[in-house]
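Trainee: Those protein sequence lines, which keep their order, are chains A and B.
First residue of the first sequence? That's 193 in this note's numbering, and the numbers climb one at a time after it.
First residue of the second sequence? That's 7 in this note's numbering, and the numbers climb one at a time after it.
Built from N, CA and C at the ideal position, the CB exists for glycine as well.
Below is the structure I would like to discuss, written out as structure tokens.
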Amino acid sequence: MGDKVTIGQYDKNSGGTKRLVLTGMIFALALILTIVENSFPPLPLPVPGVKFGLSNIAVMYALFFLSKGQAYAIAILKAVFVLAVRGLIAALLSFCGGIFSLTLMLIVLLLFKDKVSYLAISVSGAVAHNIGQFVAITFIYTGFYLLAYLPLLLVSGVIAGIVTATLLRFIIPALKRLG
Amino acid sequence: MVSDGKAGMKFFKRTDLIVITAIMAAGLAIWLVYGLIYGSRAVKAEIYFDNEPVETVSLEKGRERTFSIRQKPEVVFKVDNDGNIGFIESDCPDKICVKTGKLHMVGQSAACLPNGVVLRIVPAEGRSGDEPDIIIGSGGK
């Protein structure tokens with residue numbers, strides 16, 4: 193018990209219960225971050241729905257310190273929650289954005305191992321989230337031109353990625369006490 | 007202040023600046039190229055209600071007017087003298103459609119989802135992209 197263990201090691205050392213509880217708590221954190229974000233006034237931008245995606249902090253934390261399985265579980269649970277609260281289209285957008293984002297972060301992480309920084313992963317995740325959502329929108333409302341909005345998606349993704357990575361950095365010490 | 011969880015992984019590296027600059031530059035490049043290709047092309051606007059095209063508006067310069075569609079008189083559009091079109095009034099709570107502002111380039115769109123009204127800019131002649139073109143251009147030819 194007195195050993196110095198990080199959360200990542202805990203994951204391997206202890207059984208499924210701890211993992212279940214941790215996943216649940218991080219998922220709860222994702223929901224709280226979403227609610228906090230929605231309570232802010234919308235950003236004064238010409239395109240609706242551009243936001244920081246604070247709940248991505250929880251997904252990134254799961255990816256970095258728990259496991260990729262748990263990160264995917266949280267992304268999917270988030271979409272299920274959106275389905276219950278905001279309906280099918282919003283859920284589809286959440287699902288596509290979340291899975292796109294997580295998959296790209298995972299690829300970057302696997303390709304560059306620990307040579308890559310949190311910030312770079314966060315930025316690529318946020319950009320992928322935007323693009324994933326927009327691809328979903330082009331399928332739902334046919335005939336949107338992705339190219340016309342790609343610049344905005346890239347730039348807003350970079351900014352959102354920097355914001356979430358910075359916040360994650362300050363939240364990590366608190367999250368570590370979870371273990 | 008943070009001791010990193012993943013061994014050796016840093017919060018920020020100098021190469022991140024390159025990544026960020028590259029993404030921003032790609033965005034800028036796409037924006038410029040897109041503007042170059044479509045910026046001066048003749049366009050028309052299509053208005054959709056509940057996913058059905060209900061109106062096609064020609065956007066020539068110097069013909070300022072405001073109008074609404076029959077299905078939603080609460081939603082008012084305006085075409086200005088430069089041939090831009092946009093929502094100017096709507097009874098929806100968030101007014102996102104009005105905040106979207108004026109559109110003039112192919113591919114731009116504005117939507118008032120609470121009212122089910124979507125405004126899209128498409129090329130003036132020929133087909134409007136990858137879907138069947140139901141309305142033939144009404145641009146007084």
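To the nearest angstrom, how far is it from the Cα of A:I182 to the Cα of B:E70?
Mentor: There is no way to answer for residue 182 of chain A, as the model of chain A reaches only from 193 to 371.
Trainee: Does DSSP put B:E61 in a helix, a strand or coil?
Mentor: strand
Trainee: Going by the beta-carbon positions, is the gap between B:V63 and B:S74 smaller than 7 angstroms?
Mentor: no
Trainee: Hey, B:V124 and B:A130: beta-carbon distance below 7 angstroms or not?
Mentor: no
Trainee: Less than 7 angstroms separating the beta-carbons of A:A146 and A:L360?
Mentor: Past the boundaries of the shown model lies residue 146 of chain A; chain A is included only from 193 to 371, so the question cannot be answered.
Trainee: Of all the residues that make up the stretch 343 to 355 of chain A, which are near chain B by a beta-carbon distance shorter than 7 angstroms?
Mentor: Contact annotation: in the stretch 343 to 355 of chain A, residues whose CB is within less than 7 angstroms of a CB in chain B are P343, L346, V347, V350.
Trainee: Where DSSP assigns a beta bridge to B:K78, which residues make up the other side?
Mentor: B:I75
Trainee: Look at the Cβ atom of A:L345, then the Cβ atom of B:I29, and state whether they are nearer than 7 angstroms.
Mentor: Contact flag unset, no.
Trainee: Check whether the Cβ of A:S309 lies closer than 7 angstroms to any Cβ atom in chain B.
Mentor: Cβ-Cβ to chain B under 7 angstroms: yes for A:S309.
Trainee: Under 7 angstroms Cβ to Cβ from B:G122, same chain only, skipping five residues before and after it: list those, please.
Mentor: Within the same chain, B:G122 has close Cβ partners F55, D56.
Trainee: Kindly indicate if chain B contains any beta-carbon less than 7 angstroms away from that of A:L339.
Mentor: yes
Trainee: Does the structure place the stretch 259 to 272 of chain A close enough to the stretch 289 to 297 of chain A that three or more beta carbon pairs sit under 8 angstroms?
Mentor: yes
Trainee: To the nearest angstrom, how far is it from the Cα of A:F256 to the Cα of B:T21?
Mentor: 20 angstroms
Trainee: Excluding five sequence neighbours on each side, which residues of the same chain lie with their C-beta closer than 6 angstroms to the C-beta of A:D306?
Mentor: none
Trainee: Taking only beta carbons into account, state which residues of the stretch 261 to 291 of chain A come closer than 7 angstroms to chain B, listed in chain order.
Mentor: none
Trainee: Please state whether DSSP places B:E52 in a helix, a strand or coil.
Mentor: strand
Trainee: Below 7 angstroms on C-beta distance, what does A:V319 contact in chain B?
Mentor: I29
Trainee: Measuring only the C-alpha atoms, how far is B:V104 from A:L235?
Mentor: 15 angstroms
Trainee: Taking only three categories from DSSP, how would you classify B:C98?
Mentor: coil
Trainee: Indicate the three-state DSSP secondary structure (helix, strand or coil) for A:S348 in the structure shown.
Mentor: DSSP, reduced to helix, strand and coil, places A:S348 within a helical segment of the structure shown.
Trainee: Residues of chain A with a CB under 9 angstroms from the CB of B:Q77: which are they?
Mentor: Going along chain A, no residue has its Cβ under 9 angstroms from B:Q77, so there is no contact; the nearest lies around 18 angstroms.
Trainee: Determine which residues of the stretch 90 to 118 of chain B have a Cβ less than 9 angstroms from any Cβ of chain A, and write them out in chain order.
Mentor: Correct list: D100, I102, C103, K105, T106, G107, M111, V112, G113, Q114, S115, A116, A117.
Trainee: Could one say the Cβ of B:I36 lies closer than 7 angstroms to chain A's Cβ atoms, at least one of them?
Mentor: It does: the Cβ of B:I36 has a partner Cβ on chain A nearer than 7 angstroms.
Trainee: Once you ignore the five residues that flank A:V274 on each side, which residues in its own chain have a CB closer than 7 angstroms to its CB?
Mentor: A282, A283, S286
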